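Here is the structure we will look at, set down as structure tokens.
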Amino acid sequence: MLSLLHILAMLLLFSLSIFVHELGHFLAARAFGMVADVFSIGM
-14 MLSLLHILAM LLLFSLSIFV HELGHFLAAR AFGMVADVFS IGM
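Numbering (our numbering), first residue to last: -14 to 28.
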């Protein structure tokens, strides 16, 4: 059974991977000249 620390670590790593993925979209858009003034995750 997973401990609370393992669950929190997995949530942190999952959130970090989503952040890096979405940041890649933002940076690629800027690199290709698209207007991207705001970086956000979710709605």
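Heads up, the beta-carbon is just placed ideally off N, CA and C, and yes, glycines get one too. The model shown is predicted, which means the values in this text are computed figures rather than measured ones.
_CB contact below 8 Å: Phe4 versus chain D_ = Of the protein chains in the structure, only one exists, and it is not chain D.
*Where does Ile(-8) fall in DSSP's three states?*
Within the sequence shown, residue -8 is the residue found at index 7, counting from 1. Ile(-8): helix per DSSP, three-state reduction.
*Roughly how many angstroms lie between the CA atoms of His6 and Arg15, to the nearest whole one?*
Numbered from its first residue, the sequence shown carries residue 6 at position 21. Numbered from its first residue, the sequence shown carries residue 15 at position 30. Their backbone Cα atoms lie some 15 Å apart in a straight line.
*Ala13 to Leu(-4) span [Cα, whole Å]*: Mapped onto the sequence shown, residue 13 falls at position 28. Mapped onto the sequence shown, residue -4 falls at position 11. Computed Cα separation, rounded: 26 Å.
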